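In my numbering, the protein residues as written are 66 to 293. We put the CB at the ideal spot given by N, CA and C, even for glycine. Since the model is a prediction, treat every value here as computed from it, not as a measurement. Since the structure comes first, as structure tokens, the remarks are kept for the end.
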């Protein structure tokens, strides 16, 4: 059951260019400090392809980091995915969960990859940005002062325009293949191989990936505040 009172702290994590992230590696948010919870430090983790679920699910969870707070602290917390208007698309509530310093992760929330990336992409990924909310409450205590933090993780992408000159094109034989490797300036290894050949009435292009993944990520800004 959800809590109706205001959360003690809300963490908003935006993952920009999410659909371009094809690696199975877990993404980690910037760490944030909740002063009202004895200055404990926290972070969110998101796995775009949960190996335990045949890579069909996206999983995300809360972790307490190494901090100067108590050895153990129990909280209620909620993890959710929201759309561009702030409405909840997927939500999971966890009650009376005890976090120890550095050594224990919270329970994971789950969402189907196809639902996020295909079926309801326009809702989950406005401007190709996935937004995760984490709300934290003290046990059996209503928050007198609330805090909020907004963080962004930018998944880097590269754009390239390729000019391909085919000499003696008119002399090419039908089904004669012309291979061209495509590389980015930041990588020495070719990323794609494009094959071109012509049939009797058309020109055909086929492309093949030459690496397992081409995405990378870099964390940018994190803004936190507590109203007076």
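Where residue 218 and residue 240 are concerned, what is the direct C-alpha to C-alpha distance, given to the nearest angstrom?
-> 45 Å
Helix, strand or coil at residue 157 according to DSSP, with G and I counted as helix = strand
What are the uninterrupted segments assigned as beta strand (DSSP E) that are 3 or more residues long and contained completely in the region 85-148, given in chain order?
-> 97-99, 105-112, 122-129, 137-147
In chain order, which continuous runs of the beta strand (DSSP E) of length 3 or greater are located wholly inside the region 191-248?
-> 194-203, 212-221, 243-247
Round the Cβ separation of residue 138 and residue 103 to the nearest angstrom and send it over; I've been treating them as touching at under 8 Å.
-> 7 Å
Thinking C-beta only, is residue 125 closer than 8 Å to residue 173?
-> yes
Unbroken alpha helix (DSSP H) run spanning residue 186, endpoints | Bounds of the alpha helix (DSSP H) holding residue 186 are 186-189.
So, residue 247 versus residue 227, is the Cβ gap smaller than 8 Å?
-> Yes, the pair counts as a contact, with Cβ atoms nearer than the cut-off.
Do the region 129-137 and the region 149-158 touch if we need at least three Cβ pairs shorter than 8 Å?
-> No, the region 129-137 is not in contact with the region 149-158.
Which of helix, strand or coil does DSSP assign to residue 170?
-> The DSSP-derived three-state label of residue 170 is strand.
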